[in-house]
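First the structure, in the form of structure tokens, and then the observations on it.
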Amino acid sequence: MPPRGGVLVKFKGERGAGAAVRREWMSLVAAAAGDRSNLLFASNDGGVTLHPNAMSGEVTPEHLEYFASLGRLAAVALYHGETLPLRLTSAFCKRLLGHEMALSDLESVDPALYRNQVVYVREHGVGGLDLTWSDTMDPTGVFHPGETRRLRKPSDWLDVDAGTARHVEDANGAASEGGESEASEVTEAEVGAYLRALVHHRVLGAVRDQTSAFAAGFGAVVPPQLRARMRGILDGSDLSLLIAGAATIDLDDWRQHAAYQDARLAFAFSTECFWRAMEEFTREERIKVLQFATGLTSPPAGGFRNLVGYLGDAVPFTLGELAAPGRDEDGALPMAHACFNVLRLPRLVEGAFGTGIEGGAKEMARRLRIAVGVGVQGFDDF
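Shown next as structure tokens:
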């Protein structure tokens with residue numbers, strides 16, 4: 001388990017410490033791990049989700065150490081009620097929990113292959129497809145003509161009706177060979193066994209070492225009893241969401257669960273300007289504001305009601321006001337106390353930036369962009 005009081009992170013040359021710094025560090029680690037040039041992970045859905053890259057060891061010899069460290073970090077994020085913004089496939093998280101595999105698991109790893117091969121073959125058979133007992137992948141970890149891998153049939157999917165299975169893993173995980181070579185074509189009688197072998201290879205077999213290393217790191221923080229309880233109530237999608245947080249920022253949810261340091265601020269002109277500016281911001285700009293104010297790049301699972309503070313207790317996103325006299329100065333910028341999820345706004349005077357709220361919202365947006373650009377990384381907060 002993490003040390004009492006949690007994990008403390010400090011950057012060299014900076015004074016900042018606390019939850020916001022830890023969250024920033026986790027975001028930086030996740031960004032580096034998910035960078036495709038590092039080849040630790042691969043994505044077949046346009047970068048929405050990540051699955052271990054079967055070729056990771058070819059580029060990074062110490063890749064298993066990285067996977068073990070990422071497993072520990074994912075568990076530490078759960079411990080703190082925070083997020084590690086590394087959106088893993090539901091199939092990977094399902095194996096992490098210890099759930100059994102299903103053909104549908106391939107859909108989260110490679111949606112196109114699932115539709116074009118698994119679904120198609122189940123509905124139409126293998127006639128004319130010239131499928132063989134092999135699989136191929138290129139050096140980026142994406143599976144298509146390149147390096148050939150011979151398929152193995154997992155023991156937990158042993159198909160007793162398909163007596164000509166090419167490969168069967170014994171109880172110790174070793175491969176025992178039978179039947180013809182990997183070049184032999186798949187017959188109609190072998191469709192079920194072939195699809196199970198293909199899915200097993202793509203989801204787990206090709207990345208068994210990476211998955212085991214990540215699971216070992218995760219298990220070093222989360223005790224077996226807790227993992228058993230998690231397995232009973234969570235599926236792979238649930239765990240992926242808990243680790244990475246919500247994939248989108250729901251502005252209505254953000255506002256609904258916001259708090260105010262002073263009750264009058266809930267109806268203040270500056271507050272209305274802030275929320276109007278947020279409505280106009282792009283998804284990327286909202287993420288930057290969230291990171292500036294809380295250190296997170298995505299809301300936790302369940303939304304903004306589940307934000308936590310420095311000590312792991314529930315602490316809502318809170319809007320405050322800059323202290324006098326600075327709050328009234330021309331060009332005063334918002335200030336964040338990210339360890340406590342507090343964003344302090346300058347006081348804008350109604351009518352000073354044109355009629356209505358639009359002018360004030362534009363001015364607040366301008367100041368937010370400046371503040372976020374200066375302070376979104378390198379927190380100097382206690």
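Start counting the sequence shown at 1; every next residue gets the next number (full-length UniProt numbering).
The C-beta atom is built at its ideal place from N, Cα and C for all residues, glycine as well.
To the nearest angstrom, how far is it from the Cα of residue i to the Cα of residue j?
i                : j                 : result
lysine 94        : alanine 112       : 20 Å
aspartate 130    : arginine 115      : 18 Å
methionine 364   : alanine 33        : 35 Å
serine 237       : alanine 197       : 23 Å
leucine 290      : leucine 296       : 6 Å
glutamate 321    : phenylalanine 292 : 16 Å
threonine 148    : alanine 68        : For threonine 148, the pLDDT reaches just 47, beneath the cut-off of 50, and the residue's location in the model is therefore unreliable, although a value from the coordinates is still provided. Taking the straight line from one Cα to the other gives about 27 Å.
residue 384      : alanine 77        : In the structure displayed, the chain extends from 1 to 382; residue 384 sits before or after that span and is not available.
alanine 189      : valine 121        : 12 Å
residue 453      : glutamine 117     : The structure shown does not extend to residue 453, since the chain is modelled only from 1 to 382, so the question has no answer here.
alanine 91       : histidine 99      : 9 Å
proline 299      : valine 9          : 21 Å
alanine 220      : valine 207        : 20 Å
arginine 72      : glutamate 185     : 43 Å
alanine 74       : methionine 278    : 30 Å
phenylalanine 41 : phenylalanine 353 : 48 Å
alanine 102      : serine 134        : 20 Å
glycine 81       : valine 308        : 6 Å
leucine 319      : tryptophan 254    : 12 Å
arginine 305     : proline 316       : 7 Å
isoleucine 370   : leucine 251       : 21 Å
leucine 242      : alanine 301       : 5 Å
histidine 167    : glycine 13        : Caution is warranted here: a pLDDT of 34 is assigned to histidine 167, below 50, making its placement in the model unreliable, and the coordinate value is therefore given only provisionally. Distance between the alpha carbons of histidine 167 and glycine 13 is about 56 Å.
Let me know the secondary structure DSSP gives residue i once reduced to three states.
i                : result
serine 108       : helix
histidine 99     : coil
threonine 294    : helix
glycine 320      : strand
histidine 257    : coil
alanine 215      : helix
residue 467      : Any property of residue 467 remains undetermined from this structure, which presents the chain solely from 1 to 382.
aspartate 252    : helix
aspartate 238    : helix
proline 85       : coil
serine 134       : strand
glycine 303      : coil
tryptophan 157   : Model confidence at tryptophan 157 stands at a pLDDT of 44, short of 50, so the residue's coordinates are unreliable; what they give is reported in the following sentence. Note: tryptophan 157 maps to helix in three-state DSSP.
alanine 68       : helix
proline 325      : coil
phenylalanine 11 : coil
With DSSP as the reference, identify every bridge partner of residue i, one or two as the case may be.
i             : result
alanine 314   : Val308
histidine 337 : Val342
glycine 354   : Ala352
leucine 368   : In DSSP, leucine 368 forms no bridge with anything.
histidine 51  : Ala42
glutamate 185 : Thr132
Measure how close the beta-carbons of residue i and residue j come, nearest whole angstrom, since I'm counting them as under 8 Å.
i             : j              : result
arginine 347  : aspartate 328  : 6 Å
leucine 106   : serine 240     : The pair is not a contact, with the Cβ atoms about 16 Å apart (cut-off 8 Å).
glycine 303   : histidine 257  : 7 Å
threonine 294 : asparagine 341 : 5 Å
Can you find a CB in chain C that lies within less than 8 Å of the CB of residue i?
i          : result
glycine 34 : No chain C appears in the structure shown, which is made up of a single protein chain.
Taking 7 Å as the cut-off, is the CB of residue i close to at least one heavy atom of the ligand SAH?
i           : result
leucine 307 : With respect to the ligand SAH, the structure shown offers nothing to examine, as it has no ligands at all.
Jot down the residue ranges of each uninterrupted alpha helix (DSSP H) in the region 14-44, minimum 4 residues, whole runs only, in chain order. The DSSP assignment places 19-34 as complete runs of the alpha helix (DSSP H) inside the region 14-44, in order along the chain (cut-off: 4 residues).
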